[in-house]
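As given, the protein sequences belong to chains A and B, one line each in that order. Under our numbering, the final residue of the first sequence carries the number 162; numbering is consecutive throughout. Under our numbering, the final residue of the second sequence carries the number 601; numbering is consecutive throughout. Everything below concerns the one structure shown next.
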Amino acid sequence: MSLENERRVISVIVMNESSVLARVTSLFAARGYNISSLTVAPIPNSDMSHITIETQGSPRVMEQITKQLHKLIPVYKVIEHEEMVEKEMVLVKFPIAENLSDIAALCSAYNGGIVNVGTEMVIAMVADEPCRIRHFIEATERYNPIEVVRGGVVAIER
Amino acid sequence: MQMSGAQMVCEAIIAEGTKTVFGYPGGAIMHVYDEIYKQNGFEHILTRHEQAAVHAADGYARATGEVGVAMVTSGPGFTNAVTGLATAYMDSIPMVVISGQVPLSLIGTDGFQEIDAVGISRPCTKHNFLVRTLEELPRILKEAFYLARTGRPGPVLVDIPKDITVDIGEFVYPTEVNIPTYKPTYKGNRRQIEKAAEAIKKSKKPLLYVGGGAVLSDAYLLVRELVEKTQIPVVETLMARGVMGAGNPLLLGMLGMHGNYASNMAMSETDLVISLGARFDDRVTGKLSEFAKYADIIHVDIDPANIAKLVDVDYPIVGDITQVLEDLIPLLEDVNTDRYQAWREILRRYDELHPQSFVDSDKEIKPQWVIERIGELVGEQAIITSDVGQHQMWAAQHYPFDRPRQWINSGGLGTMGFGFPAAIGAKVACPEKTVINITGDGSILMNMQELVTAAEYKTPVINVILNNQFLGMVRQWQSFFYEKRFSETDLTFQPNFKKLAEACGGIGYDVTTKEEFDAALKDAIEKDQVCFMNVAISRFENVLPMVPAGGALFNMMLPQKSENDKGEK
Ligand SMILES: Cc1ncc(C[n+]2csc(CCOP(=O)(O)OP(=O)(O)O)c2C)c(N)n1
Ligand SMILES: [Mg+2]
């Protein structure tokens, strides 16, 4: 079955305390689990943070990841997303010489737009589903992007 | 009450009921040592190496079930303690280690004796703390003890910057702990337990697979009751020796790489494994795809991450073994024990076919004879610790353990050098017991400086060195799997163990005959002083049966029936 290396998104709700992120990431490193992307931010009006991890593994590995994360003392909750809305953000820098209206049209097709224009370059921002972000990055290639910065996945269960 | 951070540390240790702390001072922890000097709520034992301090606290914890406490300074003091933390972590031993750290202002500057203690110990502690303010110190100390002893136990490190031990603040030791993210499950799910009971009643060849969790949970009386009621045969892991008690007719023995024939065959043929606090370690299972191939599995463990980690489990039960058995046993009142009669008979025949045995000799001392002889002479009265190697396996195979906590060894990490300091800790905790460390000529040297500690504090540990002039276990693998190329395992260059013991304030014995052994052991027990008993044993003795690493449990190398077939010259 193609389940062997399924992509999964996990949310980890943790207490805001020093080295909690190190605990989470060193667990992945020590046990040989994969991290494709990782985002962290505090949860408003609470003393917790929300970590979103994009990873892959067989169902047994996924089960272990969830359980091992749960075992960490400052971890409050682990959500293995099933039915989720997921989004990722990307910033792309283009030379000013490129066709700006083409770039603007491309960005708006992906729910984004140009967010900054300087003398040398323009910066575009797009936020969309991770697979759409990949397509967007592919599509930008013909406009000679100077730099691409992806934000990593965030997800929320429906 | 107003006091310094250092005083708070001492007050917390006293409040937790710890009677003995093992440790070693140094710059960053000196304020705490100054307070130790002034108080008399607990005793401090100065080991001669930080690793030994942590192993001693570990031995204390294993012998009693209480939290062991060790104290070390920053930098090298802490790094020396890491092996001790890892050893305790792998065997889930409740322990609190307090380490000094450089002052807060120096953290991150590569200060003198600064090392990232929480970073290094993260993978080998249940949890760790770097204290950042004096205000949080009482709470952290309370949580450290609480975390160490609850749920799946384990070592907890509290790293305290020096300035925090100096600062003065208000001390109120919390009476309760509330960690919203930490709620261990003790009570097993009722429906799952009912299903497990039905499975037991339906099975024909059930097998109880008991691990170290049964010791940690102090569940042995319930395990014995379960066996008595159901007449189901039992195998023990290395960590569970003593749970059933030697001589129990339903105890098949130890299973795994050096398990006996009947135990390993039972695991290979059972139709229902009832796992109580065991974790399917590779040294137990051998080749996983062949392990308990025909069985459904009931897995009881307090740590959900242990369940279905390596094998698929049909009846997962997360909970404390004691509580789960309290719920399970009444459901088995009407079990028909005759159902398993044919199975017990098969296993009895297996055991007759290849009993746990060895060929004794009149010319030289066999290590197995030594173990059995200690069992005859001190038996139930002893606590046995061990190091790592052949001697450890012979002890596990041949000693007649009567109760849990009588057998103390480093199973998970396999730490040579563990046995002697752990024995000191056990002796401190249980002074009325005879504490014997069964060790090897390799292992004993890894913490031999503790002779001085044991002599000073009058902890008369008897070290029985099964001296084969080899790193024997490695030599055995070289014999079997490396065409007898004995690369760096020959220990014929030896210290004078007798003089070594004497030089440190202990007694030494050189033993070359069985009579000398009996006399030496009798003398050692009478003299009540730390000793090295250097026992010359047959050099090329192997630990058998043996399942080669990664092989199926039923493919065992078995002992030869006659003495002249040792395959070595
Ligand atoms: C600290 C450490 N280093 C290395 C090993 C690998 N090792 C396992 S058993 C063994 C040999 C032990 O020799 P000895 O103490 O004489 O025991 P014997 O096997 O001869 O009974 C070695 C080197 C270990 N387990 N621990
Ligand atoms: Mg040896």
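Glycine included, each C-beta is placed from N, C-alpha and C at the ideal position.
In the DSSP assignment, B:Glu-202 falls within the beta strand (DSSP E) that extends over 200-202. When C-alpha distances from B:Ser-570 are compared across B:Trp-439, B:Lys-194, B:Lys-398, the shortest belongs to B:Lys-398. Per DSSP, the unbroken beta strand (DSSP E) holding B:Ile-470 starts and ends at 466-472.
In terms of beta-carbon proximity, A:Glu-67 lines the interface with chain B, with at least one pair separated by less than 8 Å.
Runs of the beta strand (DSSP E) lying entirely within the stretch 512-582 of chain B, each at least 3 residues long, are 539-543, 563-568 in chain order. Residue-level contact by beta carbon holds for A:Arg-27 and chain B, with a gap shorter than 8 Å. Under the Cβ criterion of 8 Å, A:Ser-30 is counted among the residues facing chain B.
Here DSSP, grouped into helix, strand and coil, assigns B:Pro-135 to coil. The beta carbon of B:Val-356 is closer than 7 Å to those of Gly-220, Ile-225, Val-332, Ile-349 in its chain, skipping five residues each way along the sequence. Around the beta carbon of B:Ala-38, 16 or more other beta carbons sit within 10 angstroms, so the residue counts as buried.
Taking C-alpha positions only, B:Gly-540 is separated from B:Gly-449 by approximately 19 Å.
Contact of B:Ala-340 with chain A by beta-carbon distance below 8 Å involves Arg-64, Glu-67. Distances between the C-beta of B:Phe-450 and the heavy atoms of ligand 2 are all 7 Å or more. Any Cβ of chain A closer than 8 Å to the Cβ of B:Thr-115 would place that residue at the interface, and such an atom is absent. Distances taken from the Cβ of B:Met-505 to the heavy atoms of ligand 1 include one shorter than 7 Å.
No residue range can be given for B:Thr-79, since it is assigned to no beta strand (DSSP E) and is classified by DSSP as neither H nor E. For the stretch 75-91 of chain A, the set of positions with a beta-carbon nearer than 9 Å to some beta-carbon of chain B reads Lys-75, Leu-76, Ile-77, Pro-78, Val-79, Tyr-80, Lys-81 in chain order.
B:Gly-582 is classed as exposed because its beta carbon has fewer than 16 other beta carbons within 10 Å across all chains shown.
Here the stretch 73-89 of chain B makes contact with the stretch 438-453 of chain B; the two share three or more CB pairs at distances below 8 Å. In this structure, B:Gly-446 has its beta carbon at no less than 7 Å from each heavy atom of ligand 2. An exposed status is given to A:Cys-135, since fewer than 16 other beta-carbon atoms sit within 10 Å of its beta-carbon.
Within the stretch 198-232 of chain B, those residues whose Cβ lies closer than 8 Å to any Cβ of chain A are, in chain order, Ile-211, Pro-212, Thr-213, Tyr-214. Residues of chain A whose Cβ lies closer than 7 Å to the Cβ of B:Leu-179 are, in chain order, Ile-77. At a cut-off of 8 Å between beta carbons, B:Pro-135 makes no contact with chain A. The Cβ-Cβ distance between B:Ile-497 and B:Val-567 falls below 8 Å.
The way I'd put it, the stretch 412-419 of chain B does touch the stretch 428-443 of chain B; three or more beta-carbon pairs between them come closer than 8 Å. In this structure, the straight-line span from the alpha carbon of B:Lys-51 to that of A:Lys-71 is close to 36 Å.
Relative to B:Trp-375, the option among B:Asn-338, B:Val-247, B:Leu-284 whose CA is nearest is B:Leu-284. Under DSSP, no beta-bridge partner is assigned to B:Val-420.
Just so you know, the alpha carbons of B:Lys-325 and B:Gln-400 end up roughly 32 Å apart. Of all C-beta pairs linking the stretch 205-224 of chain B to the stretch 267-285 of chain B, fewer than three are shorter than 8 Å, placing the two stretches out of contact. In the three-state reduction of the DSSP assignment, B:Thr-119 falls in the helix class. Within the stretch 141-174 of chain B, contact with chain A at the beta-carbon level (separation under 8 Å) is assigned to Val-150, Gly-151, Arg-154, Pro-155, Lys-158, His-159, Leu-162, Arg-164. Take the alpha-carbon of B:Gly-472 and the one of B:Asn-587: they are about 28 Å apart.
In the structure shown, the three-state DSSP call for A:Ala-45 is strand. DSSP lists A:Glu-92 as the beta-bridge partner residues of A:Asp-132.
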